[in-house]
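Number of protein chains: 4
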Amino acid sequence: MTYQEVLAAARTCSGPYCKACPVCNGKACGSTMPGPGSKGTGTVAVRNYQAWQEICLNMDTICENGPVDTKFNFFGHEYDLPVFAGPVGAVNLHYGDKYNDLEYNNILVPACAQAGIAAFTGDGTNPEVFTAAAAAIGANGGKGIPTVKPWDRDTLYAKLDAAKASGAKVFAMAIDAAGLPFLKNMTPPAGSKTVEELREIVAMAEKPFIVKGIMTVAGAKKALEAGAKGIVVSNHGGRVLDQCPSTAEVLPAIVDAVGGRMTILVDGGIRTGIDVFKALALGADAVLIGRPFVTMVYGAGAEGVKTYVEKLKAELADTMAMCGAHSLADISRSMLYGF
Amino acid sequence: MTYQEVLAAARTCSGPYCKACPVCNGKACGSTMPGPGSKGTGTVAVRNYQAWQEICLNMDTICENGPVDTKFNFFGHEYDLPVFAGPVGAVNLHYGDKYNDLEYNNILVPACAQAGIAAFTGDGTNPEVFTAAAAAIGANGGKGIPTVKPWDRDTLYAKLDAAKASGAKVFAMAIDAAGLPFLKNMTPPAGSKTVEELREIVAMAEKPFIVKGIMTVAGAKKALEAGAKGIVVSNHGGRVLDQCPSTAEVLPAIVDAVGGRMTILVDGGIRTGIDVFKALALGADAVLIGRPFVTMVYGAGAEGVKTYVEKLKAELADTMAMCGAHSLADISRSMLYGF
Amino acid sequence: MTYQEVLAAARTCSGPYCKACPVCNGKACGSTMPGPGSKGTGTVAVRNYQAWQEICLNMDTICENGPVDTKFNFFGHEYDLPVFAGPVGAVNLHYGDKYNDLEYNNILVPACAQAGIAAFTGDGTNPEVFTAAAAAIGANGGKGIPTVKPWDRDTLYAKLDAAKASGAKVFAMAIDAAGLPFLKNMTPPAGSKTVEELREIVAMAEKPFIVKGIMTVAGAKKALEAGAKGIVVSNHGGRVLDQCPSTAEVLPAIVDAVGGRMTILVDGGIRTGIDVFKALALGADAVLIGRPFVTMVYGAGAEGVKTYVEKLKAELADTMAMCGAHSLADISRSMLYGF
Amino acid sequence: MTYQEVLAAARTCSGPYCKACPVCNGKACGSTMPGPGSKGTGTVAVRNYQAWQEICLNMDTICENGPVDTKFNFFGHEYDLPVFAGPVGAVNLHYGDKYNDLEYNNILVPACAQAGIAAFTGDGTNPEVFTAAAAAIGANGGKGIPTVKPWDRDTLYAKLDAAKASGAKVFAMAIDAAGLPFLKNMTPPAGSKTVEELREIVAMAEKPFIVKGIMTVAGAKKALEAGAKGIVVSNHGGRVLDQCPSTAEVLPAIVDAVGGRMTILVDGGIRTGIDVFKALALGADAVLIGRPFVTMVYGAGAEGVKTYVEKLKAELADTMAMCGAHSLADISRSMLYGF
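In order, the protein sequence lines correspond to chains L, H, E and G. With our numbering, letter number 130 in the first sequence gets 130, and the count goes up by one each step, no holes. With our numbering, letter number 108 in the second sequence gets 108, and the count goes up by one each step, no holes. With our numbering, letter number 270 in the third sequence gets 270, and the count goes up by one each step, no holes. With our numbering, letter number 259 in the fourth sequence gets 259, and the count goes up by one each step, no holes.
Following this line, the structure appears as structure tokens:
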């Protein structure tokens, strides 16, 4: 199946909200929540997508005509591409009842592993979602990153404890989920964590720990101070706070501040291998892609994931070749116009 | 009733001009005057709204997960929110004959007081409008700010004299009303005031006095020199002069010039609690919101006001939490991207 | 008649090309030539109009509430407004056969004089157009500026000679007419003039001489060097060269270079008294307005001219009052936002 | 025939993809490949076109009214205009089966020579395309530039060897063709060349050699280092890599880096003589125009080419006259607004 064919199939089963658009740019879903939209005016997802489009590439083909290698090492695992599927929760609510979160993760995790990448998996009010995802990751050689929400201390520790034995090698927490409706007004309160609280969580996890939802230099430094091994520069696709800047806008300053001292991932509107190239050229180590993987799974299950990963890889390799990069390490800001 | 339900109800009774749009951004009314439009090309109201949209928020949830306090102290009164209803006049002309100004103020003033905020009330050629509003404010514990137009000296003094006994604690004057059609060519002339004239008015008012309609640093300094305790950075929603800059554009320089020495309020296109947050982050102490309160009163009277104030408060509190502010004093320019 | 009524009347008789649009902004006519359009892609007229819209006003009504005086002195004549009707030629070709140039000028010149302004009159291949316009100007107290095209020396001198006795007090030449189709490939050649040729023409005219069609600092300096007493910063409404900058963009630097040493006029997209104010605030002494006067004459003859001039005057006076200017001399760049 | 008539004729025979639009700006074809579109999102061709539109001209007609000379000397040949037809391949695939590449070149090459310009001719998997084009160039006095693709060494040398005897005086290679689908994954590999490989090719060609597809200062310096006598600043009309900057954006820095030391040509969205003027003002020596020549040949063969070249010449000469340039050498950056 081609990417367009998977999209067409997804349109028949991805529920009332997602249109499985030819280009997933946040325009058709706007502020549709439930659904794949973003919060408030619904413009953050659009801004995320648009920011990547506005970055231009410095084509230069006076260079060696050698093979292009897109391999990526992540805390000891080697992946074919510096791309992860992003964590998504409540898929039945937002994308249609073809799958619930358990079913979704049980397709996504092995499909990613087989396609040469890995998935960040989601978390929900049902505790089984997180632990089952961790188990699926363990069953696939530890290729995947269970991603917990910022619950109160006890809930959080119980979830991480249950998942630690799964074989997952890396954990993550979406700290910006504080802005999701279902986390607000919980008793005991969920949401923001201080550096001290975060340091305790990181220590308790006993694995490399990634903090997702960083949008400022100050936030990145606090994550580093708390002992996180990585961050995801992310505004949660616009779903936790309206009118954030795009992730592409804030990424360079964050790279300048903490790059080299922790792994820097980024998500938000990344759709093609060209976008992946741009993110790496700005200094990210890898990227997360969210909504499109949902469409791929709804449209064609594991085959959809494979189709999309192959498309991303071909686009990334082509872009690298046209800009004179033969490995991920060759990619630099000087390959972007005006940087 | 939800905010959208109040809007829907307003559509049935808010006259031929106001459409009670889902987003009140000045586009549908354009240069419609009479009506809620703005003067000339009708672009100032649009520009006001748009300027807030273009300011982005620095989300950062690595912080204490404590309660958020939106309380605001204004010349001795404590309000739940740093938000005032703006002064509006001739509501029957501009919004439909469901209410006249007297009836409108008699709903608005107590509704605001009950909802935890206060109203700036309007003024008209009928002298009773101003004095009755002042009386309503007095009857609600002095929670409200009678706002006079810049009449000739005698008219102005007579109005203020009549209102002084009302119990209102703060007075204001919309000095930019000089650009309203019905004030032009009056005998004796109404409109602009020199610093000396303003100083005399401020002294005569014997209460903290606020000058509304400041759009320049020079104007703010003159208001300060005249003894005003506060200003409203305002272009009167575009209704007195076409092609002004937006208030969000001019606010920072005015804050830098007179901030800390007088209270700085701002209006123009502020619609949500996110906009309120941005105004405070730029340095305003509080905001005025005009047109939406008219729609709320036309749609559902006091209940409409309550609905809107609760919506504003929830949005402001959510934004504060997502940017790491626990009180209004915590809000700073560093919470805005690029500032 | 109101301005909108004159427009409506013009729509019935202004030929197949001009739509007498509610806002004359160059969009509906685009590259329509013959017609009121501009050359090539037809974007210059749009750009001219748009540039004025983007300049914002510094409203400030803390000032004396005195009368506003819009009077303007131009080479010994006093006019009510710093506004001239611009030179237009071949009206029957471009706007419809209700009038030919002779008839048009015979309405426009006295109508302008009666309305308190003056007209720059056009020139054509029919020599009578220029000389009859000069005669009409003479018959109206010399209030008007005969504007010649840059013909070859002999033709030019014959025209100026014939016109000198008319009583016109000032002459002008549209030197940029070099780009009009009917002037190209003439024998002997018409068009560009060197500084030396221009100096000879200026001397021969024996009256204050204005060079119209200046778009650069270098061009302004050359006009000054040649002895011109004034210039019109103009791109001929986009009709002589596609993709010029707008006149509002180039005006400030030209004012900085030659202001105070010669009279500086400007045209291009000026439609309202607010635009006039902005041009003066940027440093122009007065403005020319072209296309709208044609519409006014086609719609209602002298009454149309009067209606439009009164509208311009009211708008200019209102803007002056709202920005604190009581005379043209008070208008300064500090009354524009960001300048 | 007029230009518009040739376009109309082309619409009847230029295949299913090209619309022969009134303005050839990349919008209607977008990412249509096969067809005249560009790669990926299809925005590069649009950006190329738009960048020229945004550059404004400094009109100045206070200058000598002398004849305008557009003659251009290129490696010993004198042409009427600094314009070349760009290399196009697989015309039957992209524009319709009225012609194949051999037939197309056999019309284009002599038509250009007769019209006073020359063509860069294309290359294809069929080796005859390149050699027959070289022969056609030889038969037309050497007026034309055979342009080879960056094949593997043996294929490339065989092609150049076969063409050297043709009488062509200059050769070119489109090094960015590395991004075309049919060149990828060839065995032996085609595409990028190192400076050393390029130096060997340049030496082997024994004629002035031009490298087409330079978009960076670094690339231009490498071409110079390899001994190329010229470059074409080009992103291949967006057909080899999505989201390149426009050529107009990158041209000035490349001119500043290698200008005077090699001939600098540019292509991408140049459609009118005004665009040609702007390219020269930015520092290019001449330009290539691609898609419109295809439309001209499909619409009217040699007559179409003649019509378009005459249009370009008239526009260029008019622009030069209006900006005060009498020869190509007079054209300078100071004739562009803001440069």
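Ideal Cβ positions, reconstructed from N, Cα and C, are used throughout, including at glycine. Predicted model, so just to flag it, every value in this text is computed and none were measured.
Put simply, the CB of residue 243/H is near chain E, with a gap under 7 Å to one of its CB atoms. For residue 307/H, not one C-beta of chain E is nearer than 7 Å to its own C-beta. The alpha-carbon of residue 222/L is positioned some 47 Å away from that of residue 147/H. Interface residue (Cβ-Cβ distance to chain H less than 7 Å): residue 24/E is not classified as such.
At a C-beta separation below 9 Å, residue 193/G has these neighbours in chain L: 61, 62, 63, 64, 65. Between the beta-carbon of residue 284/E and that of residue 251/E there is about 6 Å, and that keeps the pair under the 8 Å contact cut.
Boundaries for residue 277/G: no beta strand (DSSP E) harbours it, while the alpha helix (DSSP H) harbouring it runs 273 to 282, taken from the DSSP string.
Within the stretch 211 to 223 of chain H, 213, 215, 216, 218, 219, 222, 223 place their CB atoms closer than 7 Å to a CB of chain E, listed in sequence order.
With respect to residue 211/L, residue 175/L sits close: the two C-beta atoms are nearer than 7 Å. The beta carbon of residue 205/H does not come within 7 Å of any beta carbon belonging to chain E, so the residue lies off that interface.
Only exposed fits residue 4/L, as fewer than 16 other CB atoms lie within 10 angstroms of its CB. Residue 20/H carries a coil assignment under DSSP once its states are collapsed to helix, strand and coil. Boundaries of the beta strand (DSSP E) harbouring residue 173/H: 171 to 174, taken from the DSSP string.
As the crow flies, the alpha-carbon of residue 2/G is around 21 Å from that of residue 70/G. Under DSSP, residue 326/E takes part in no beta bridge, so it has no partner.
Closer than 7 Å to the CB of residue 337/H there is at least one CB belonging to chain L. With a cutoff of 7 Å on beta-carbon distance, residue 137/G and residue 81/G are scored as not near each other. Leaving aside the five residues that flank residue 55/G on each side, the residues in its chain whose CB is nearer than 7 Å to its CB run, in chain order, 248, 278, 336. Burial check for residue 47/E: the Cβ neighbour count within 10 Å reaches 16 or more, so the residue is buried. Using a CB distance cut-off of 7 Å, residue 320/G does not count as an interface residue toward chain E.
The DSSP-derived three-state label of residue 99/L is coil. Residue 130/L: member of the alpha helix (DSSP H) spanning 127 to 139, first to last residue. Residues of the stretch 169 to 189 of chain L with a C-beta less than 7 Å from any C-beta of chain H: 175, 176, 178, 179, 189, listed in chain order.
Taking CB atoms only, residue 316/L has no neighbour in chain G less than 7 Å away. Under the 7 Å criterion on CB atoms, residue 57/L is classed as interfacial with respect to chain G. Chain G places no beta carbon closer than 7 Å to that of residue 289/L, leaving this residue out of the contacts. For residue 66/G, the number of other beta carbons within 10 angstroms of its own is below 16, and it is reported as exposed. Going by C-alpha positions, residue 39/H is about 47 Å away from residue 156/E. Rounded to whole angstroms, the separation of the alpha carbons of residue 31/H and residue 298/H is 22 Å. Against chain H, the beta carbon of residue 331/E has no neighbour under 9 Å; the closest one sits roughly 15 Å away. Residue 274/H belongs to the set of residues whose beta carbon lies under 7 Å from a beta carbon in chain L. Looking at the DSSP output, residue 263/E bridges to 230/E. Bridge partners of residue 118/G according to DSSP: 84/G.
Residue 110/E has its alpha-carbon roughly 8 Å from the corresponding atom of residue 302/E.
The closest CA to that of residue 178/G, considering only 237/L, 323/L, 331/L, 287/L, is found on 323/L.
Between the stretch 56 to 63 of chain G and the stretch 92 to 105 of chain G there are fewer than three C-beta pairs closer than 8 Å, too few to call the two in contact.
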